[in-house]
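Residue numbers (this note's numbering), protein chains in the order written: chain A, 1 to 313; chain B, 1001 to 1295. Think of the CB as a built atom: it goes at the ideal place given N, C-alpha and C, for glycine as much as any other residue. Report on one structure; see the data block that follows.
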Amino acid sequence: MSAPSFGGASRDGYGKGLLRIAEDPRVVVLEADLGKSTKSCHFRNEYPERTVSLGIAEQNMMLVAAGMASSGKIPFASTFAIFTERAFEQVRNGIARPGLPVHICGSHGGIHTGTDGSSAQSIEDLAVYRTIPKMTVIHPCDDISAEELTAQLIDLNGPSYMRTARNKVPRMYEDGSNLKIGSGSVLREGGDLAIISCGVMVGVAISAAETLSNEGISSTVVDMHTIKPLDVGLIAELSESCGAFVTAEDHSVIGGLGGALAEWLSTNTSTPLEMVGVTDSFGQSGSSSELMDLMGLNEAGICEAARRAISRK
Amino acid sequence: MVKQKTSLKTINSPDAPLLHMGDGAEVDVSELEEMARRCRVDIVSMTHAAKSGHPGGSLSAVDCMVALYGTCLRFDTSNPDWEDRDRFIMSKGHASPAMYSVLHQIGVLDDNDIKGFRTLGSVCQGHVDMNWTKGVDFSAGSLGMGLSFGLGCALSAKMDSSDRRIWVMLGDGETQEGQIWEAAMAANYHNATNLKVIVDRNRIQNDDFMEVQMEIGDIGEKFRSFGWTVKEVDGHDMSSLIDVVDWANNEDEGPVAIVANTIKGNGVSFMENNPSFHGKAPDDEELRIALEELS
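Printed below as a string of structure tokens:
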């Protein structure tokens, strides 16, 4: 793989993705006073007649989206990840239960959000939305994949939650890369270990795999951008070929990507799994890199987990 | 559009054409009162059969619904999914017996459908559900959400240049939910002239009278303060109800709310103004008395 370039943040990809599908008149965008942050503002600028401002009122926004979906629209509703959670029951009862194709985007997910502090750092969103029947849960790693996956949502006949990140990270993809909702992307192949990652941790996983290769450990790295439905076919293959897993996510180790893998592995295999993520604690203010180091969401954390996983083979 | 006279014989037939065309059709008040009586029989019978359900708030809401379905709601009984139908959003979803009784009386649901109320696999779920029941436009059960959903339907209709109206039935208890007022604010801001609310003001909620639990005060004034046009009405006077839904149907200055002053359990003496029949079904003896009173 060539040296990664720094592109936009995944939230920028969401904004571009909306523009890409804007020709479809069914697409409508809903905002809760954070369009400039989630990047739905670009759609608003081009298509104000199909953009609905709901003010700082997330519960209302979710049900307005549901009503629009019931009337043939394809609504994209965004706010900060943490504030979508304020309307969790609205999403559960008003959107997912009737199976309406409302696409929720929660930006500024994870500790990586940084200086805003713990109130803004959603570390449980992937877990809570994963528990809702019919929901697709997506967390892209860079702007290019976020744009592509956002564009694919238009064909998803059901509700979804996509978490995007605030800050720029190294690009993992080039324009035109082959990505598909529900299929994990293998970014690097190796036979000793599989690192299953999502979001801002994908780039960290690639770096960790490079370090591990210097120790003679050959790693597969997967961008598991779709947390639900989990690509269990790929997990089953890697369980056979690698025999050990590490998950890496900027999210609680309870119920997120690691939790999803643990659920499947524990009922289907005895393959060891080590999880890198937020260990049941809240963050604080600081730079992204300071916070990720503080919480062990870094290359060293993944390498240590990799050694533990391999030792348990 | 040609004015038509409501006929229960017609609207209770499965092959009935478009019910009403929203043009202030000539209406025989006594026929709608008779339809409401039949709905009440359905409500007490289906809750009795299910040994559960919410008769009180169904009996308070049902006259408003009959006035609406019997006059201006544009709805095709032979094609409940008609895209340009008016929407009826039953936000107080526990009053599902009222919804099912109306759909039964207009021929969308049959006798067996309502007999199955609250049983496994029944199209008549405990709370109204758009995925289970023909003619139901919203999946309710969690209070405070229907007005927002209705606003979404209303904004979509405007985007599509459709003149369909969106009617939302709210309970007065559920106006305690903050989301109702988020939606009230947004409806006026977005000039949702096609959004029509009926508040079933029966003054009783699950645990007790609202004045004991959480009295909200003048609901109409609160809607007015958000820019809505509001009228109050006796929610059990069919003639007044027909007039007020006709007014609301044609009012296009902004969103409108009708505050219908009702009596919880209306029509069955021992249920009237009795908080215990919010969520309790009549037993055998109570059913016998209720049917006698409704005969």
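- Taking 7 Å as the cut-off between beta carbons, none of the residues of the stretch 107-130 of chain A comes near chain B.
- Within 7 Å of the CB of residue 1149/B, the CB atoms of chain A belong to 63, 66, 67, 94, in sequence order along the chain.
- Close to chain B, meaning a Cβ-Cβ distance shorter than 7 Å, is no residue of the stretch 178-206 of chain A at all.
- Residue 21/A has its alpha-carbon roughly 40 Å from the corresponding atom of residue 1100/B.
- One thing to note: residue 155/A has its Cβ no nearer than 8 Å to the Cβ of residue 13/A.
- With a threshold of 8 Å between beta carbons, residue 32/A makes no contact with chain B.
- By the Cβ criterion, the stretch 1246-1265 of chain B is in contact with the stretch 1209-1223 of chain B, since at least three pairs of Cβ atoms, one from each stretch, lie closer than 8 Å.
- For residue 35/A, no Cβ of chain B is located within less than 8 Å of the residue's own Cβ.
- CA-CA distance, residue 47/A to residue 1074/B, rounds to 31 Å.
- In the displayed model, residue 224/A falls within coil according to three-state DSSP, outside both helix and strand.
- At a beta-carbon threshold of 7 Å, the residues of chain A lying near residue 1182/B are 57, 59, 60, ordered along the chain.
- Residues 54 of the same chain have their beta carbon placed closer than 8 Å to that of residue 60/A, with the five preceding and five following residues left out of the count.
- Residue 83/A: member of the alpha helix (DSSP H) spanning 81-86, first to last residue.
- Under the DSSP assignment, residue 1261/B falls in the beta strand (DSSP E) whose first and last residues are 1256-1261.
- For residue 1156/B and residue 1284/B, the gap between their C-alpha atoms comes out near 47 Å.
- Contact annotation for residue 1254/B against chain A: no contact, minimum CB-CB distance about 17 Å [criterion: below 9 Å].
- In terms of CA proximity to residue 215/A, 310/A leads the group 72/A, 310/A, 119/A.
- Close CB contacts of residue 1153/B within its chain, under the 6 Å cut and outside five residues either way in sequence, are with 1087, 1166 (chain order).
- Looking at the backbone, the Cα of residue 297/A and that of residue 250/A are separated by about 7 Å.
- Chain A has no Cβ within less than 8 Å of the Cβ of residue 1291/B.
- Below the 9 Å Cβ cutoff, chain B contributes 1152, 1155, 1186, 1190 as neighbours of residue 52/A, in chain order.
- Rounded to whole angstroms, the separation of the alpha carbons of residue 78/A and residue 72/A is 19 Å.
- Less than 8 Å separates the beta-carbon of residue 1196/B from that of residue 1248/B.
- Rounded to whole angstroms, residue 307/A and residue 290/A show a C-alpha spacing of 24 Å.
- In the structure shown, residue 1203/B falls within a coil segment according to DSSP collapsed to helix, strand and coil.
- Here residue 227/A has 126, 130, 137, 138, 139, 198, 256, 257, 260 as same chain residues with Cβ atoms under 8 Å from its own Cβ, once five neighbours each way along the sequence are excluded.
- Chain A places a beta carbon closer than 8 Å to that of residue 1141/B, counting this residue as a contact.
- The beta-carbon of residue 72/A is placed less than 8 Å from the nearest beta-carbon of chain B.
- Of all C-beta pairs linking the stretch 98-113 of chain A to the stretch 1179-1193 of chain B, fewer than three are shorter than 8 Å, placing the two stretches out of contact.
- In the assembly as shown, residue 1288/B is an exposed residue. Its beta-carbon has fewer than 16 other beta-carbons within 10 Å.
- The DSSP-derived three-state label of residue 1076/B is strand.
- Any Cβ of chain A closer than 8 Å to the Cβ of residue 1125/B would place that residue at the interface, and such an atom is absent.
- At least one CB atom of chain A sits nearer than 8 Å to the CB of residue 1179/B.
- By the C-beta density criterion, residue 92/A is buried, having at least 16 other C-beta atoms within 10 angstroms.
- Contact annotation: the stretch 112-119 of chain A touches the stretch 279-288 of chain A, with at least three C-beta pairs closer than 8 Å.
- With distances taken between CA atoms, residue 122/A lies nearest to 84/A out of 151/A, 98/A, 147/A, 84/A.
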